[in-house]
Amino acid sequence: MFRALASILVCCFFLEASFWSHICYGNLITCSGIVPMRYRNDKISITDFGGVGDGNTLNTKAFQEAIYRIQHLRRRGGTLLYVPPGVYLTDSFNLTSHMTLYLARGAVIKATQDTWNWPLIAPLPSYGRGRERPGGRYMSFIHGDGLHDVMITGENGTIDGQGGIWWNMWRQGSLQFTRPNLVEFVNSRGIIISNVIFKNSPFWNIHPVYCSNVVIRYVTILAPPDSPNTDGIDPDSSSNVCIEDSFISTGDDLVAVKSGWDEYGIAYGRPSSCITIRRVTGSSPFAGIAVGSETSGGVENVLAENIVLYNTGIGVNVKTNIGRGGFIKNITVSEVFMENVRTGIRIAGDTGDHPDNNFNPNALPYVKGITLKNIWGVNVHQAGSIQGLKNAPFTGICLSKVNLRSTTGPRSPPWKCSDVSGAAIEVSPWPCAELTSPQQSGSCASHF
Ligand SMILES: *[C@@H]1O[C@H](CO)[C@@H](O)[C@H](O)[C@H]1NC(C)=O
Ligand SMILES: *[C@@H]1O[C@H](CO)[C@@H](O)[C@H](O)[C@H]1NC(C)=O
Ligand SMILES: *[C@@H]1O[C@H](CO)[C@@H](O)[C@H](O)[C@H]1NC(C)=O
211 MFRALASILV CCFFLEASFW SHICYGNLIT CSGIVPMRYR NDKISITDFG
261 GVGDGNTLNT KAFQEAIYRI QHLRRRGGTL LYVPPGVYLT DSFNLTSHMT
311 LYLARGAVIK ATQDTWNWPL IAPLPSYGRG RERPGGRYMS FIHGDGLHDV
361 MITGENGTID GQGGIWWNMW RQGSLQFTRP NLVEFVNSRG IIISNVIFKN
411 SPFWNIHPVY CSNVVIRYVT ILAPPDSPNT DGIDPDSSSN VCIEDSFIST
461 GDDLVAVKSG WDEYGIAYGR PSSCITIRRV TGSSPFAGIA VGSETSGGVE
511 NVLAENIVLY NTGIGVNVKT NIGRGGFIKN ITVSEVFMEN VRTGIRIAGD
561 TGDHPDNNFN PNALPYVKGI TLKNIWGVNV HQAGSIQGLK NAPFTGICLS
611 KVNLRSTTGP RSPPWKCSDV SGAAIEVSPW PCAELTSPQQ SGSCASHF
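One gets our numbering by counting positions in the sequence shown from 1 and adding 210 to each.
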């Protein structure tokens, strides 16, 4: 009897484990299945804690006390923290579990310019150091570590990072540590970010790392095209992340799926998996939809569809490097329209820098199964370049119904390919021989 019970438990445990590791929510039409929206009965306002939205008063204490109250006077179903219209200046702060940060229409939560007092936290183990400077890194403006059941939502209020001061420190080379993200969740699950405007992040805008079950929808992310490293959304070593119905226009990649950096990411070994990106529109001097270049924990099962890009550097960019190790598998990008783009599609094994000189030059990435279909472009300067690594060729690269019209007519630069195999069906301009030789044509038929 006891043994039977034990074996049922073991069986269910394995069933659940295999469920999480192999099946994505990718086929759902919207993100809603991934994290349920929660209604909170208990509501408090930042003004109950002395918050003043006059744009000058420092509200750090008000946010800390309100969130302390949510954490310690735990109410059934969690608590909503209401931020009324007004401009609330504050230092960075930590969220807690079972809470909703609700920004009313006209509410702005604004980061202080006090970079001297900005708290430092440990580097992420999968990066081994700060992304741009050695050592620790500045904590994100709004931060969550080890949380579950958190929502940041409302009526399209604004979270403003006032990043200009940080961008200038980067430009002047005077940064001591890596700049803060605007919003970061570490080791968290059950996160919804919706109906919020993110503005002028010091560094990456939204960074879920070591997270699962994260929904980001109906967000607007804005930063000037010349603002350095202001990536829109970077799911990093995270699974079941769904991003949809958003507008992103920043100074770096709009969405970049990552999983750690060289020897640190390889040792940490946490992949990004089951990432859905759909109905995203925007522009960037760098990439629209990116995988990498930090992919040392592996990236698999990514679906991006219904993407509209204009005035963008590279439409779709899969990037890795020698020393990265890891894998990039089962990536599908479809239904993309792009206009005024430098390079339509770029898949490359020579992108990005290394954390230090201890990276292993024999740690080659494994890249297999990238499907790009129904991609249309006008005013695309160069259609594409797909360049694998000599000792680790990229395989199963499949292009189907790709039509990228150039600015320069028939004289536009041809596709550039090396160390790659796969197939091409109805691709214009006609891609390289590596993808069009007859013996290749079957190699990715199953993907179409
Ligand atoms: C906020 O969270 C970080 C990371 O978990 C922690 O190091 C820091 O002490 C927290 N700050 C406060 C004020 O609780
Ligand atoms: C907020 O913005 C989103 C996305 O732009 C939009 O779909 C939604 O209708 C807006 N909501 C409100 C309450 O204005
Ligand atoms: C490929 O990824 C998609 C999600 O984008 C997933 O639904 C599908 O099951 C994956 N295929 C394999 C063979 O793992």
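Glycine residues also receive a C-beta, built at the ideal position from the N, C-alpha and C atoms.
(request) Closer than 6 Å by C-beta to ILE319: which residues in its own chain qualify, once you throw out the five before and the five after it? Chain order, please. (result) TYR298, ILE369
(request) For PRO639, I'd like the list of residues in its chain whose CB is within less than 6 Å of its CB, leaving aside the five on either flank, ordered along the chain. (result) ALA593
(request) For GLU473, name the three-state secondary structure that DSSP assigns. (result) helix
(request) Pick helix, strand or coil for ARG341, following the three-state DSSP scheme. (result) coil
(message) Rounded to whole angstroms, what is the Cα-Cα separation between ASN601 and SER483?
(response) 25 Å
(message) By the three-class DSSP mapping on this structure, what secondary structure does TYR420 have?
(response) coil
(message) Give me, in chain order, the residues of the same chain whose beta-carbon lies closer than 6 Å to that of GLU394; leave out the 5 immediate sequence neighbours on both sides.
(response) SER350, HIS353, HIS417
(request) Could you tell me which residues DSSP puts in a beta bridge with SER610? (result) LYS583, ILE635
(request) Just grab the DSSP bridge partners of TYR576 for me. (result) PHE537
(message) Report the CB separation of VAL637 from ILE607 in whole angstroms; it is logged as a contact under 8 Å.
(response) Rounded, the Cβ-Cβ distance is 11 Å, inconsistent with contact.
(message) Please give me, in chain order, every unbroken run of the alpha helix (DSSP H) with length at least 4 that falls completely inside the segment 348-409.
(response) 374-382
(message) Taking DSSP's pairing of strands, which residues face ILE431 in a bridge?
(response) PHE408, ILE458
(message) I need the DSSP call for LEU311, collapsed to helix, strand or coil.
(response) strand
(message) Is GLU365 a contact residue of ligand 2, with contact defined as CB to any heavy atom under 6 Å?
(response) yes
(request) Can you have a look at SER250 and say buried or exposed, based on whether 16 or more other CB atoms are within 10 angstroms of its CB? (result) The question names Ser, but residue 250 is Arg in the sequence shown. Label assigned to ARG250: buried.
(request) Spell out the partners DSSP gives CYS452 in its beta bridges. (result) VAL425, THR486
(request) Going by DSSP, name the residue or residues bridged to TYR292. (result) SER255, TYR312
(request) Please work out which residues of its chain come closer than 6 Å, Cβ to Cβ, to ALA514, disregarding the five sequence neighbours upstream and downstream, and give them in chain order. (result) ILE487, ILE499, VAL543
(message) According to DSSP, is LEU513 part of a helix, a strand, or is it coil?
(response) strand
(message) Here's the rule I'm using: 16 or more other beta-carbon atoms within 10 Å means buried, otherwise exposed. How should ASN269 be labelled?
(response) buried
(request) Determine contact between the segment 453-460 and the segment 532-551, defined as no fewer than three beta-carbon pairs at a distance below 8 Å. (result) no
(request) Please determine, among ARG552, ASN567, PRO565, the residue with the shortest C-alpha to C-alpha distance to SER622. (result) ARG552
(message) Are there any heavy atoms of ligand 1 lying less than 6 Å away from the beta-carbon of ASN304, as far as the coordinates show?
(response) yes
(request) Could you pull the start and end residues of the beta strand (DSSP E) that ILE499 belongs to? (result) 497-501
(request) Within 10 angstroms of the Cβ of TRP625, are there 16 or more other Cβ atoms? Answer buried if so, exposed if not. (result) buried
(request) Check whether the segment 357-364 touches the segment 318-332, taking contact to mean three or more Cβ pairs, one atom from each stretch, closer than 8 Å. (result) no
(request) Reducing DSSP to helix, strand and coil, say where ASN550 ends up. (result) strand
(message) Could you check whether the Cβ of CYS452 sits closer than 6 Å to any heavy atom belonging to ligand 3?
(response) no
(message) To the nearest angstrom, how far is the alpha carbon of THR310 from that of GLY508?
(response) 32 Å
(request) Specify, as a first and last residue, the run of the alpha helix (DSSP H) that ALA466 falls within. (result) Premise fails: ALA466 lies in the beta strand (DSSP E), 465-467, not in any alpha helix (DSSP H).
(request) Can you give me the start and stop residues for the alpha helix (DSSP H) that LEU268 sits inside? (result) Looking at the DSSP string, LEU268 is not in any alpha helix (DSSP H); the run it does join, the beta strand (DSSP E), is 264-268.
(message) Beta-carbon within less than 8 Å of ALA276's beta-carbon, same chain only, minus the 5 sequence neighbours each way: which residues are those?
(response) ILE254, ILE256, ASP258, PHE259, GLY261, LEU291
(request) Along the beta strand (DSSP E) that carries ALA321, what are the first and last residues, could you check? (result) 317-321
(message) At the level of alpha carbons, what is the spacing between VAL526 and VAL590?
(response) 12 Å
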